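Residue numbering for the sequence shown follows the working numbering, beginning at 12 and increasing consecutively.
Here's the structure, in structure tokens; my notes come after.
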Amino acid sequence: MAASDIATKSRAFTDIRGVPVSYADNRAIEGLEEAIEMSLSFRGDAIARIDEVLKEFPDFIMGWLFKAGWLTQTMETRIYKLMISALSEVEKRLKHANDREIGHYEAVRAWVNGDFFAAVQKWEAVLFKYPKDLLAMELVHYTDVLLGDIAGQRDVVARALTLWDESVPGYEFVLGFYAFGLEENRDFSHAEELARQALAIRPDHPYAVHAVSHVMEMRGRQTGGIRFMGERANQWGTSNFANHLWWHTALYHLDLEQYDRVYDIFDNHLDSRRKDGNKYEELDAAALLWRINLVGQSSGDRWTHLADKWEPAAQDTLYAFNDVHAMLTFVSDDRTEAQQKLLSANERYLESASDANVAMSREIGLPFCLAMRDFKAERYRECVERLLPVRYMTHRLGGSYAQRDIIGWTLLEAAIRAGRFDLAIALANERTALKPTSAQNWRALARAFQGLGDTSNANRATAKAQSLILA
Ligand SMILES: [Fe+2]
12 MAASDIATKS RAFTDIRGVP VSYADNRAIE GLEEAIEMSL SFRGDAIARI DEVLKEFPDF
72 IMGWLFKAGW LTQTMETRIY KLMISALSEV EKRLKHANDR EIGHYEAVRA WVNGDFFAAV
132 QKWEAVLFKY PKDLLAMELV HYTDVLLGDI AGQRDVVARA LTLWDESVPG YEFVLGFYAF
192 GLEENRDFSH AEELARQALA IRPDHPYAVH AVSHVMEMRG RQTGGIRFMG ERANQWGTSN
252 FANHLWWHTA LYHLDLEQYD RVYDIFDNHL DSRRKDGNKY EELDAAALLW RINLVGQSSG
312 DRWTHLADKW EPAAQDTLYA FNDVHAMLTF VSDDRTEAQQ KLLSANERYL ESASDANVAM
372 SREIGLPFCL AMRDFKAERY RECVERLLPV RYMTHRLGGS YAQRDIIGWT LLEAAIRAGR
432 FDLAIALANE RTALKPTSAQ NWRALARAFQ GLGDTSNANR ATAKAQSLIL A
């Protein structure tokens with residue numbers, strides 16, 4: 012056998028990072044690599060790409076595992092059939108799988124059984140042995156975000172980072188994961204540094220842009236955030252992550268009371284009326300509209316279409332984070348029947364199920380759904396009573412700090428509207444301490460002081476808000 016044949020043969024059993032693959036065909040492995048890169052770079056259709064590969068190479072186990080693994084992240088019931096079907100293709104060929112592939116298989120199997128935490132542990136076990144398994148790292152990181160495992164989002168990268176550098180393909184994506192994990196753990200400077208490093212390697216890297224946008228949000232650097240996002244919008248604006256990044260951009264404008272810009276972003280980028288938006292886009296749209304209402308601005312007729320899109324998922328009970336956003340649309344569009352459907356489905360589900368989402372729904376999802384209903388019905392005292400005990404546990408709902416901030420903000424607004432001004436001052440003080448450059452936080456503090464008749468402190472807080480808006 013010629014030396015070049017030996018080289019080809021040995022390459023065929025690993026991917027470009029040296030991670031073993033049981034299927035010995037370079038074209039299949041390269042096709043998988045393209046699909047993984049599509050998922051990492053939020054470009055193209057990774058599932059369509061892997062389907063092409065699997066059509067040509069139906070025995071490519073790692074290809075089926077990518078498909079099943081990537082589909083876990085959609086968190087939509089309608090996708091489950093596809094995921095289970097891909098998993099059954101793996102099962103037919105399991106005797107040919109290597110240990111890495113068996114690990115991926117066990118992870119998705121655990122997921123399908125409803126044990127998302129066990130799935131993470133299985134993927135983590137793969138990573139302990141193969142720290143350059145970029146797909147396993149991606150799936151652990153994103154799932155930790157879905158499950159609200161804040162330390163896990165960071166540490167999945169920390170455990171392997173010493174083995175990665177720029178010579179390993181995909182290093183910039185690893186930096187992107189780490190940057191976001193660091194940001195969620197409030198290590199903002201380090202997060203921004205690594206995200207910008209990732210962007211130096213790949214300027215068109217939506218997840219690294221995302222990590223920087225979170226740093227800007229958490230630090231209250233609204234003007235810098237608008238500039239940063241604007242300078243790069245021609246790149247991330249065409250990615251599959253654009254909606255979420257527009258949502259981040261809208262948050263800066265909202266804080267600065269630039270409402271025309273907020274409406275403009277919603278109507279041009281978040282409104283899914285003109286397209287078949289996926290759940291993540293609809294989550295962002297609902298979350299932004301609720302905030303627009305919290306600051307006393309009108310949402311026009313924007314809720315109706317959004318509620319239409321969520322209504323078929325009212326009884327999904329797959330993921331509490333989705334249910335909360337569905338409920339936002341139902342209460343905002345006064346759909347009592349859909350609200351009741353969602354609540355009843357949740358109650359039935361909590362009585363009978365034991366999967367990972369049960370705890371998320373029981374502890375945070377359902378209380379927040381009920382609190383939103385109270386809020387919209389102007390039962391502000393009840394809303395406060397529901398949210399106050401859970402506000403420090405909301406990470407269990409999953410998502411990011413920036414996304415979950417809607418809960419704390421709703422609580423504060425409910426406290427003000429309930430006339431619980433002492434509590435409202437305390438809550439607003441917490442928020443101004445965490446984010447002193449947020450005009451909206453100072454506005455809330457001013458209203459709370461005003462409620463107590465403390466005009467002097469109210470005026471000081473208003474002056475602070477005004478100075479931030481004019482800055
Ligand atoms: Fe985000």
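Backbone N, C-alpha and C fix where the C-beta goes; we use that ideal spot for every residue, glycine too.
No experiment lies behind these values; they were computed from the predicted model shown.
ask   = Regarding S411 and ligand 1, is the C-beta to nearest heavy atom distance less than 6 Å?
value = Residue mapping note: residue 411 aligns to position 400 of the sequence shown, counting from 1. Yes.
key: 7 Å Cβ shell around F2 - same chain, five flanking residues per side excluded   = Nothing about residue 2 can be read from this structure; the chain reaches only from 12 to 482.
Every unbroken alpha helix (DSSP H) within the region 440 to 477, with a cutoff of 4 residues, ordered by chain = 450 to 463
key: Identity of the residues DSSP links to P31 by a beta bridge   = On the sequence shown, residue 31 is found 20 positions in, with the first residue counted as 1. Bridge partners of P31: T25.
query = Helix or strand or just coil, what does DSSP make of H216?
reply = Residue 216 sits at position 205 when you count from the first residue of the sequence shown. Here H216 sits in coil by DSSP.
ask   = M404 to M49, Cα distance in whole Å?
value = Walking along the sequence shown from the start, residue 404 turns up at place 393. Walking along the sequence shown from the start, residue 49 turns up at place 38. Their backbone Cα atoms lie some 34 Å apart in a straight line.
task = Enumerate in chain order the residues of its own chain whose CB-to-CB distance from I17 is below 8 Å, with the five nearest sequence positions on each side excluded.
result = Taking the sequence shown and counting its residues from 1, one reaches residue 17 at position 6. Note that I17 scores 40 on pLDDT, short of 50, meaning its location in the model is unreliable and no value can be drawn from it.
Beta-carbon proximity of H107 to S33, cut-off 7 Å = Here residue 107 refers to the residue found at position 96 when the sequence shown is read from its first residue. Here residue 33 refers to the residue found at position 22 when the sequence shown is read from its first residue. Result yes, Cβ atoms of H107 and S33 sit closer than 7 Å.
message = Does the region 196 to 215 come into contact with the region 164 to 184, if we say contact requires no fewer than three beta-carbon pairs (one atom in each stretch) closer than 8 Å?
response = yes
key: For A169 and H264, the rounded distance between their alpha carbons   = Position 253 of the sequence shown, counting from 1, holds the residue named residue 264. Position 158 of the sequence shown, counting from 1, holds the residue named residue 169. Looking at the two C-alpha atoms, the distance is approximately 34 Å.
ask   = For H316 versus R284, is the C-beta distance shorter than 7 Å?
value = Within the sequence shown, numbered from 1, the residue matching residue 316 stands at position 305. Within the sequence shown, numbered from 1, the residue matching residue 284 stands at position 273. Yes, Cβ-Cβ distance for H316 and R284 is below 7 Å.
message = Quick check on the DSSP output: the alpha helix (DSSP H) that includes A325 runs from which residue to which?
response = Here residue 325 corresponds to residue number 314 of the sequence shown, with the count starting at 1. First-last for A325: undefined, no H or E at that position.
inquiry  = Does T249 pass the burial test, meaning 16 or more other C-beta atoms within 10 Å, or should it be called exposed?
reply    = Locating residue 249 in the sequence shown gives position 238, where the first residue counts as 1. Exposed, by the Cβ-count rule.
S200 beta carbon near ligand 3 (any heavy atom closer than 6 Å) = Of the ligands one can find in the structure shown, namely ligand 1, none is ligand 3.
Beta-carbon contacts of R346 that lie in its chain and below 6 Å, excluding the five residues immediately before and after = Position 335 of the sequence shown holds residue 346. The residues are A318.
task = Measuring alpha carbon to alpha carbon, tell me which of H259, N357, F77, A298 ends up nearest W420.
result = Here residue 420 is taken as the residue at index 409 of the sequence shown, counted from 1. With distances taken between Cα atoms, W420 lies closest to A298.
ask   = When you compare only the Cα positions, how much space is there between M12 and R38?
value = Here residue 12 corresponds to residue number 1 of the sequence shown, with the count starting at 1. Here residue 38 corresponds to residue number 27 of the sequence shown, with the count starting at 1. Low confidence applies here, because M12 scores a pLDDT of 39, under 50, leaving its location unreliable; read the following figure in that light. In a straight line, the C-alpha of M12 is about 21 Å away from that of R38.
key: Cut-off 7 Å between Cβ atoms - residues of its own chain near W314, not counting five sequence neighbours on either side   = Along the sequence shown, one-based indexing puts residue 314 at 303. Contacts found: L300, T340, S343, D344.
inquiry  = Could you give the first and the last residue of the continuous alpha helix (DSSP H) run that contains L354?
reply    = To locate residue 354, count along the sequence shown from 1; it is residue 343. 347 to 363 is the span of the alpha helix (DSSP H), which, as asked, contains L354.
key: C-alpha gap between I418 and Q269, whole angstroms   = Working through the sequence shown from its first residue, we reach residue 418 at position 407. Working through the sequence shown from its first residue, we reach residue 269 at position 258. One C-alpha to the other measures close to 22 Å.
message = Given a cut-off of 7 Å on the beta-carbon distance, is the pair W247 and V220 in contact?
response = What you label residue 247 is simply residue 236 of the sequence shown in a count that begins at 1. What you label residue 220 is simply residue 209 of the sequence shown in a count that begins at 1. Taking 7 Å as the Cβ cut-off, W247 and V220 qualify as a contacting pair.
ask   = Ends of the alpha helix (DSSP H) at W175?
value = Residue mapping note: residue 175 aligns to position 164 of the sequence shown, counting from 1. No alpha helix (DSSP H) contains W175, which DSSP labels as neither H nor E.
request  = Enumerate in chain order the residues of its own chain whose CB-to-CB distance from A4 is below 6 Å, with the five nearest sequence positions on each side excluded.
outcome  = There is no way to answer for residue 4, as the model of the chain reaches only from 12 to 482.
key: Sub-7 Å separation of A222 and A190 beta-carbons   = Locating residue 222 in the sequence shown gives position 211, where the first residue counts as 1. Locating residue 190 in the sequence shown gives position 179, where the first residue counts as 1. Yes, the Cβ-Cβ distance between A222 and A190 is below 7 Å.
message = Can you give me the C-alpha to C-alpha distance between E67 and Q84, rounded to a whole angstrom?
response = For the purposes of this step, residue 67 is taken as the residue at position 56 of the sequence shown. For the purposes of this step, residue 84 is taken as the residue at position 73 of the sequence shown. Between E67 and Q84, the C-alpha separation is close to 25 Å.
inquiry  = Between which two residues does the alpha helix (DSSP H) holding T234 run?
reply    = Translated into the one-based positions of the sequence shown, residue 234 becomes position 223. Counting along the chain, the alpha helix (DSSP H) containing T234 begins and ends at 233 to 247.
request  = Using a threshold of 7 Å, state whether the C-beta atoms of D62 and A367 are closer than that.
outcome  = In the sequence shown, residue 62 corresponds to position 51, counting from 1. In the sequence shown, residue 367 corresponds to position 356, counting from 1. No, these two residues do not count as a Cβ contact at 7 Å.
key: Distance between beta carbons of P447 and G235, contact taken as under 8 Å   = Locating residue 235 in the sequence shown gives position 224, where the first residue counts as 1. Locating residue 447 in the sequence shown gives position 436, where the first residue counts as 1. Going by Cβ atoms, the distance from G235 to P447 rounds to 15 Å, so no, they are not a contact pair.
ask   = Can you tell me the Cα-Cα spacing of L381 and I375, whole angstroms?
value = Taking the first residue of the sequence shown as 1, we reach residue 381 at position 370. Taking the first residue of the sequence shown as 1, we reach residue 375 at position 364. Near 10 Å, if we compare the C-alpha coordinates of I375 and L381.
M73 - DSSP class collapsed to helix/strand/coil = By 1-based counting over the sequence shown, the position of residue 73 is 62. Three-state DSSP puts M73 in a helix.
Within 7 Å, strictly: CB atoms of L98 and F77 = On the sequence shown, residue 98 is found 87 positions in, with the first residue counted as 1. On the sequence shown, residue 77 is found 66 positions in, with the first residue counted as 1. Against a cut-off of 7 Å, the Cβ pair of F77 and L98 comes out as no contact.
query = Can you name, in chain order, every residue of its own chain whose Cβ lies under 6 Å from the Cβ of A455, other than the five neighbours on each side?
reply = Locating residue 455 in the sequence shown gives position 444, where the first residue counts as 1. Same-chain partners within the cutoff: L423, A439.
query = Going by beta carbon distance, what residues of the same chain come within less than 7 Å of F332, once the five residues before and after it are set aside?
reply = Position 321 of the sequence shown, counting from 1, holds the residue named residue 332. If we look at F332 and ignore the five residues flanking it on each side, its Cβ neighbours are L408, G409, G410.
Residues near D282 by beta carbon distance below 8 Å, same chain, minus five either side = Within the sequence shown, the letter at position 271 stands for residue 282. Closer than 8 Å at Cβ, skipping near neighbours: A296, R313, H316.
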